Every structure is written in structure tokens, then in C-alpha cells.
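**Student:** Questions regarding the structure given below will be posed in turn.
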Amino acid sequence: MCTASEDLKVDMHIDTLNQHWGGFQVLFDRDRRELEERVKEQRDKEARKQEELRLKEKQIAEENQRHEREAAAIAQECEAIERECAVLKVPTYLYF
Numbered sequence: 001m002c003t004a005s006e007d008l009k010v011d012m013h014i015d016t017l018n019q020h021w022g023g024f025q026v027l028f029d030r031d032r033r034e035l036e037e038r039v040k041e042q043r044d045k046e047a048r049k050q051e052e053l054r055l056k057e058k059q060i061a062e063e064n065q066r067h068e069r070e071a072a073a074i075a076q077e078c079e080a081i082e083r084e085c086a087v088l089k090v091p092t093y094l095y096f
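For what it's worth, the UniProt record's numbering labels the leading residue of the sequence shown as 1, then goes sequentially.
Encoded structure:
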């Protein structure tokens, strides 16, 4: 009789432990899913930032190239104007 009572107590404790374990497993699974979701969101956010940065750098590079082309064109115009001015200058010795 004692043995049956003790066995019943042990079985009840085992059932209680299994219930607790199941509850903790549910909590653990929920926390794991939440963590995985946060990690995924962080990765996506970082990927978006990297893409924005890449596009911004590309835009800046294109703008710099445009400025360089404009500067080169202006420099060529200046050289052409200076050549024209050199041709049009009247030597000072001709004034006398």
C-alpha cells in the first residue's frame, strides 16, 4: 500500500514537472521566434541602409563626374578665350 501511494506521488510529481517543462518550452519557443524576428528585422534594416548608402555614393560619384566634366569644359573655354585674346592683342610698340 505504501509503495502504491509513493508511486502515485512520484507519478504526480513527474506529471507536474512535465507540465512545467511544457510551459517553459512554450515560453522558450515564443522567445526564440521573437528573437529570430528581431534579428531578421535588424538584418533587413541594415540591408536597406546599405542599399541607401550605395545609391547615395553612386549619386555623389555621378555628380562629381558631372562637375569634373563641367570644370574641364570651362577650362577649355578659358584656354580658347586666352588664345583669342593673345591673337587680338595689339603689340604696344605699334601705338607710337
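No residue lacks a Cβ here, since even glycine has one placed at the ideal position from N, Cα and C. Here the structure is a predicted model, which means the values were calculated and not measured.
T3 to K9, Cα distance in whole Å?
**Tutor:** If I take the Cα positions, the gap works out to 10 Å.
**Student:** Where A86 and A75 are concerned, what is the direct C-alpha to C-alpha distance, given to the nearest angstrom?
**Tutor:** C-alpha separation (whole angstroms): 16 Å.
**Student:** Where does I49 fall in DSSP's three states?
**Tutor:** Looking at the sequence itself, residue 49 is Lys, so the reference to Ile does not match. Residue state, collapsed to three classes: helix.
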